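Trainee: Protein sequences appear in the order of chains E and X. Just so we're aligned: 29 in our numbering is position 29 of the first sequence, and the numbers increase by one with no gaps anywhere. In our numbering, each residue carries its 1-based index in the second sequence increased by 112. Every residue gets a Cβ at the ideal spot worked out from N, C-alpha and C, and that includes glycine. Given the structure is predicted, the values throughout are model-derived calculations rather than measurements. I have a structure here, written as structure tokens, and I will follow up with some questions on it.
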Amino acid sequence: GNSVTQMEGPVTLSEEAFLTINCTYTATGYPSLFWYVQYPGEGLQLLLKATKADDKGSNKGFEATYRKETTSFHLEKGSVQVSDSAVYFCALSGPNDYKLSFGAGTTVTVRA
Amino acid sequence: DTAVSQTPKYLVTQMGNDKSIKCEQNLGHDTMYWYKQDSKKFLKIMFSYNNKELIINETVPNRFSPKSPDKAHLNLHINSLELGDSAVYFCASSRTSSGNTIYFGEGSWLTVV
């Protein structure tokens, strides 16, 4: 079945540091890949997505590239802010699968 | 306007009670979902409805019963609540096509005491 493995946290960074959260997946065919973010006390928001190999999703300074050869979709941001403190979820939706399978989530805390 | 709205946001109730969480979406989507987030933040799908028909029913106790009166609504009813049901329940919706973004509500924080 489809599954997502993402880097375990928690991750603590200083402001303006570089952030990477690793995400790898297992799926049949060509899934769509997503990063969702959950700010404290809030629901899930789509951060970015990519639907085919080599696509790059980007939003709010975050980027992730769909790498089929390494089955990865790592999330990166070059300079984090305190407001980026949240839980980040990698997720996939298989080609014949209308649900999202989520990774375990990575808690990121950015200190001023 | 909130795209996916669910009520109540917070619910504290005693063991053995029956409670419902309501969900509505105004995005014109035809697929709706319930996800459960446990205390470790892990998210797992519970149910999915497409055009009012149940299409996904994961391993969930039959005390949980979803009801979809129309495409825009998917309610979750829970009978005989147990301590282990304490979690955050997220409603979501999407168009019926793989790869389409799933939009989530703000969550309902259920605490069973």
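#1: So, for V80 of chain E: in the same chain, excluding its five sequence neighbours on each side, which residues have a beta-carbon less than 8 Å away from its beta-carbon?
#2: Verify the CB distance criterion: does S160 of chain X have a CB-CB separation below 8 Å to chain E?
#3: When DSSP labels each residue in this structure, what does G196 of chain X get in the three-state scheme?
#4: Let me know the secondary structure DSSP gives V124 of chain X once reduced to three states.
#5: Could you tell me which chain E residues have their CB closer than 7 Å to the CB of T143 of chain X, listed as they occur along the chain?
#6: Under 8 Å between C-beta atoms, does E42 of chain E make it to chain X?
#7: Determine contact between the segment 217-224 of chain X and the segment 157-175 of chain X, defined as no fewer than three beta-carbon pairs at a distance below 8 Å.
#8: Tell me which residues share the same chain as H141 of chain X and place their Cβ nearer than 7 Å to its Cβ, disregarding the 5 neighbours each side in the sequence.
#9: Can you pull the chain X neighbours of V87 of chain E, defined as C-beta to C-beta under 7 Å?
#10: Counting only Cβ pairs nearer than 7 Å, list the residues of chain X close to K49 of chain E.
#11: Just the C-alpha distance for E63 of chain E and Q137 of chain X, rounded to the nearest angstrom, thanks.
#12: Does the Cβ-Cβ distance between K49 of chain E and L75 of chain E come in under 8 Å?
#13: Since T208 of chain X meets chain E, which of its residues come closer than 8 Å, beta carbon to beta carbon?
#14: Taking a contact to mean a Cβ-Cβ separation below 8 Å, would you say V225 of chain X touches V116 of chain X in this structure?
#15: CA-CA distance, S160 of chain X and D84 of chain E?
#16: If you draw a straight line from the C-alpha of N59 of chain E to the C-alpha of K77 of chain E, how long is it?
#17: Take N129 of chain X as the anchor and find which of X:F154, X:K121, X:L195 and X:I214 has the nearest alpha-carbon.
#18: For chain X, is any of its Cβ atoms less than 8 Å away from the one on G57 of chain E?
Mentor: By the coordinates alone:
#1: If you ignore the 5 residues before and after V80 of chain E, its C-beta comes within less than 8 Å of the C-beta of L13, E15, E16, A17, F18, L19, V108 and V110, all in its own chain and listed in chain order.
#2: At least one chain E Cβ lies under 8 Å of S160 of chain X.
#3: It is helical.
#4: V124 of chain X carries a strand assignment under DSSP once its states are collapsed to helix, strand and coil.
#5: Chain order gives the chain E residues near T143 of chain X as Y98, where near means a beta carbon separation below 7 Å.
#6: Among the CB atoms of chain X, one or more fall inside 8 Å of the CB of E42 of chain E.
#7: Contact between the segment 217-224 of chain X and the segment 157-175 of chain X is absent, because fewer than three Cβ pairs lie under 8 Å.
#8: The residues are S205, S206 and R207.
#9: Within chain X, the residues whose beta carbon sits less than 7 Å from that of V87 of chain E are K153, listed in sequence order.
#10: At a C-beta separation below 7 Å, K49 of chain E has these neighbours in chain X: T213.
#11: The C-alpha of Q137 of chain X is placed about 29 Å away from the C-alpha of E63 of chain E.
#12: No.
#13: By Cβ distance, chain E contributes Y98.
#14: No, Cβ-Cβ distance for V225 of chain X and V116 of chain X is not below 8 Å.
#15: Taking the straight line joining both Cα atoms gives about 31 Å.
#16: Whole-angstrom Cα-Cα distance: 10 Å.
#17: Considering only alpha carbons, the answer is X:L195.
#18: Not one chain X Cβ lies under 8 Å of G57 of chain E.
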